[in-house]
Amino acid sequence: MTNEEKPVVGIDISKRQLDVAVAGEATAREWTNDAKGIGDLSRWLKKLRPKLVVMEASGGLEGPLIGHLAGEQLPVAVINPTRIRAFARAEGQLAKTDRIDAAVIARFGLKMEPAPQRPHDQTQIDLNALVTRRRQVVTILTSEKNRLHTAPDVIREDIENHIAWLQTTLEKLDQQIAQTIVDNPDWQEKHNILQSAPGVGRVTATTMVSHLPELGQLNRQQIAALVGVAPFNRDSGPRRGKRRIFGGRAAVRSVLYMATLSATKHNPVIKSFYERLLANGKPRKVALTACMRKFLTILNAMVKNRQTWAFPA
52 MTNEEKPVVG IDISKRQLDV AVAGEATARE WTNDAKGIGD LSRWLKKLRP
102 KLVVMEASGG LEGPLIGHLA GEQLPVAVIN PTRIRAFARA EGQLAKTDRI
152 DAAVIARFGL KMEPAPQRPH DQTQIDLNAL VTRRRQVVTI LTSEKNRLHT
202 APDVIREDIE NHIAWLQTTL EKLDQQIAQT IVDNPDWQEK HNILQSAPGV
252 GRVTATTMVS HLPELGQLNR QQIAALVGVA PFNRDSGPRR GKRRIFGGRA
302 AVRSVLYMAT LSATKHNPVI KSFYERLLAN GKPRKVALTA CMRKFLTILN
352 AMVKNRQTWA FPA
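In our numbering, the protein residues as written are 52 to 364.
Structure (structure tokens):
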């Protein structure tokens with residue numbers, strides 16, 4: 052069987068179930084979304100020998116499945132749900148069930164031919180999970196601190212105890228993350244390179260190492276699209292719509308935004324670029340997005356060339 056003849060599989064992931072469709076086939080299949088179901092699905096896929104297995108990014112639900120399939124050397128592409136929804140609308144697919152979604156994902160894979168992602172080993176998956184958990188704890192901690200300001204006396208002690216526990220948890224997570232990076236020389240080098248750039252702190256560098264392993268391996272257009280800072284045209288006939296960014300990896304884009312805000316004040320290259328855009332009449336939001344794209348391009352080149360920040364002050 053040639054690669055062109057191999058089937059493309061779409062998987063719709065929910066909390067309890069995995070709905071699976073093969074492009075061009077009417078029959079859908081389902082497995083439970085647990086260790087046994089994932090193992091059974093993996094064995095079925097190995098026998099099928101698919102050209103590609105396509106699934107949506109599902110807020111972390113896809114993690115165990117990706118890890119298992121990567122371990123079996125199966126080609127997996129994880130797609131932003133926005134792209135799948137746009138594809139479904141273009142097809143006129145208005146009905147929505149898990150089985151229909153799986154079929155749409157399979158057809159997307161067949162027609163759009165997304166590139167399979169580089170397999171992640173277990174340490175990459177673990178680092179991703181630790182950084183994601185850290186972000187969740189920070190969000191909860193911020194909410195509790197805000198809640199404490201207006202809390203009645205009867206619950207203040209409970210909130211204070213929770214805040215103390217969250218802060219201890221955050222410290223432990225930071226230690227685990229730091230040790231995980233130190234134990235991997237490639238990650239440690241990348242982390243140091245990123246932090247050498249004015250504006251990039253520990254959290255930004257760690258998030259990029261964990262959530263953007265492609266950094267340094269793609270060209271400037273590809274990395275911008277992957278993060279979600281590449282402008283896309285919205286033209287129709289003679290009408291020229293505004294260029295907008297969308298999709299991409301939200302966690303990376305969020306830390307890149309904060310790093311760029313800092314860089315517009317403390318990084319001579321980004322600061323100069325930002326001020327020039329404003330002087331040319333660009334709105335602040337547009338100028339900041341352009342700076343995010345430029346900063347990401349520079350960081351991508353630094354990692355690719357294994358060079359720390361070397362721009363003049």
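No residue lacks a Cβ here, since even glycine has one placed at the ideal position from N, Cα and C.
**Three-state secondary structure (DSSP) of Ala79** = In the three-state DSSP reduction, Ala79 falls in the strand class (E or B).
| query | With a Cβ-Cβ cutoff of 9 angstroms, do Val205 and Gly160 count as a contact? | reply | Taking 9 angstroms as the cut-off, the Cβ atoms of Val205 and Gly160 do not count as close.
At least three beta-carbon pairs within less than 8 angstroms, the segment 83-100 to the segment 148-155: They do not touch, by the three-pair rule.
Once the 5 residues before and after Glu113 are set aside, which same chain residues still bring their CB inside 6 angstroms of it?
Counting only Cβ-Cβ distances below 6 angstroms, and skipping sequence neighbours, we find Ile64, Met106.
Inset, instruction - Whole angstroms is fine: what's the gap from Ile321's alpha carbon to Ala74's? - result: Rounded to whole angstroms, Ile321 and Ala74 show a C-alpha spacing of 46 angstroms.
Who does Gly61 pair with in a DSSP beta bridge?
-> Per DSSP, Ala72, Val105.
Query raised in the report: Residue range of the beta strand (DSSP E) that Ala128 falls in?
Result: Looking at the DSSP string, the run of the beta strand (DSSP E) that includes Ala128 is 127-130.
Exercise. Taking the alpha carbon of Ala229 as the point to measure from, which residue in Pro203, Pro126, Leu178 has its own alpha carbon closest?
Worked result: Ala229 has its Cα closest to that of Leu178, out of Pro203, Pro126, Leu178.
Exercise. With contact counted as at least three CB pairs below 8 angstroms, one residue from each stretch, are the segment 200-215 and the segment 310-328 in contact?
Worked result: No, the segment 200-215 does not touch the segment 310-328.
- DSSP on Pro115, reduced to helix/strand/coil? Collapsing the DSSP output to three states places Pro115 in a helix.
Suppose only complete runs of 3+ residues qualify. What are the beta strand (DSSP E) ranges in the segment 236-267, listed by chain order? Fully enclosed beta strand (DSSP E) runs of 3 or longer: not present.
Q: Starting from the Cα of Thr174, find the closest Cα among Ala215, Pro132, Asn235, Val306 and give me that residue.
A: That would be Asn235, whose Cα lies nearest to the Cα of Thr174.
Note to self: Could you tell me the alpha carbon to alpha carbon distance between Val260 and Glu76, rounded to whole angstroms?
What the structure shows: Approximately 39 angstroms, taken between the alpha carbons.
Worksheet item: Do Gly118 and Ile176 have their C-beta atoms closer together than 9 angstroms?
Response: Yes. Within cutoff.
request  = Please confirm whether Gly250 and Ala314 have their CB atoms less than 9 angstroms apart.
outcome  = Less than 9 angstroms separates the beta-carbon of Gly250 from that of Ala314.
N-terminal and C-terminal residue of the alpha helix (DSSP H) that Thr311 is part of = Per DSSP, Thr311 belongs to the alpha helix (DSSP H) from 301-317.
- Query: How is Lys98 classed by DSSP in three states: helix, strand or coil?
  - Reply: Lys98 falls in the helix class under three-state DSSP.
Please return the same chain residues whose Cβ sits closer than 7 angstroms to the Cβ of Ala139, not counting the five positions on each side in sequence.
Its chain contains Val155 as the residues whose beta carbon lies nearer than 7 angstroms to that of Ala139, once the 5 sequence neighbours on both sides are disregarded; these appear in chain order.
task: State buried or exposed for Phe346, treating a residue as buried only when at least 16 other CB atoms are found within 10 Å of its CB.
output: By the Cβ-count criterion, Phe346 is buried, with 16 or more other Cβ atoms from all chains shown falling within 10 Å of its own Cβ.
Please work out which residues of its chain come closer than 8 angstroms, Cβ to Cβ, to Ile296, disregarding the five sequence neighbours upstream and downstream, and give them in chain order. With a pLDDT of only 49 at Ile296, under the threshold of 50, the placement of this residue in the model should not be trusted, and no figure is reported.
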